[in-house]
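**Student:**
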Amino acid sequence: MSEAGVNGAQHIQQDAAYVEPDPDLMIEDMSYQEAGQYVMSFLLTEKKTEKILQEKLQDLDRCNERLAYAEQHGDGQQLEQITRELHGLIQERDSLLAELEQLHRKNVVLKAQWRIKATRGGEAARVQAERLLADFSELVDVEEYKLQEAMKDQEAEDELAKLKAKLAGEQL
726 MSEAGVNGAQ HIQQDAAYVE PDPDLMIEDM SYQEAGQYVM SFLLTEKKTE
776 KILQEKLQDL DRCNERLAYA EQHGDGQQLE QITRELHGLI QERDSLLAEL
826 EQLHRKNVVL KAQWRIKATR GGEAARVQAE RLLADFSELV DVEEYKLQEA
876 MKDQEAEDEL AKLKAKLAGE QL
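Residue numbers (the numbering used here): 726 to 897.
1) Please classify VAL744: is it buried, with 16 or more other beta-carbons within 10 angstroms of its beta-carbon, or exposed?
2) Assuming ILE777 is part of the alpha helix (DSSP H), what are its boundary residues?
3) Would you call the stretch 827-845 and the stretch 757-770 in contact, with 3 or more CB pairs under 8 Å?
4) Using the Cβ count rule (16 or more neighbours within 10 Å means buried), how would you classify ILE815?
5) Report whether the distance from the Cβ of LEU821 to the nearest heavy atom of the ligand FAD is below 7 Å.
6) What residue from GLN879, HIS829, VAL834 and ALA795 has the CA that sits closest to MET751's CA?
7) What separation, rounded to the nearest whole angstrom, lies between the Cα atoms of LEU804 and LEU792?
Spelled out as structure tokens, the structure:
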């Protein structure tokens with residue numbers, strides 16, 4: 726095989742192995758709260774799709790009953806119309822089933838990513854809280870130091886005032 730053929734085959738293999746990331750699953754850059762809302766919207770979409778599917782299945786059952794009735798009573802035109810409707814409902818059902826399966830898979834991944842974000846967020850929050858406590862402790866220490874210095878200055882002024890009063894009393 727020529728070099729171009731080998732390189733072309735390698736390129737095809739690399740392309741076949743590459744899977745485009747699903748943008749629906751990219752929540753890394755979101756905050757914990759944003760990611761939670763995003764995951765919740767996907768869960769709600771899955772539940773709504775389940776509800777629509779249940780309604781479609783009920784429509785399908787009713788259509789099957791109508792088809793059975795039309796077959797018993799031999800109305801060819803009605804039979805043809807119901808058959809077309811039945812095929813449409815089956816396609817819609819299959820489409821909803823595929824969508825529901827895809828949503829479910831995405832929700833499994835999104836919930837796992839959200840849990841990971843929660844643990845990382847918890848660790849980051851703990852580190853941030855420790856840093857804030859350390860900063861606060863330093864501020865408290867500074868404030869305490871300033872308070873002690875102010876108390877010493879006040880004591881010195883009080884002593885000086887006593888000495889001045891004592892000297893003034895002795896000179897009289």
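A virtual CB, placed ideally from N, CA and C, is assigned to each residue, including glycine.
**Tutor:** In short:
1) exposed
2) 757-798
3) yes
4) When all chains shown are included, ILE815 counts as exposed.
5) In the structure on display, the ligand FAD does not appear, and there are no ligands present to speak of.
6) VAL834
7) 6 Å
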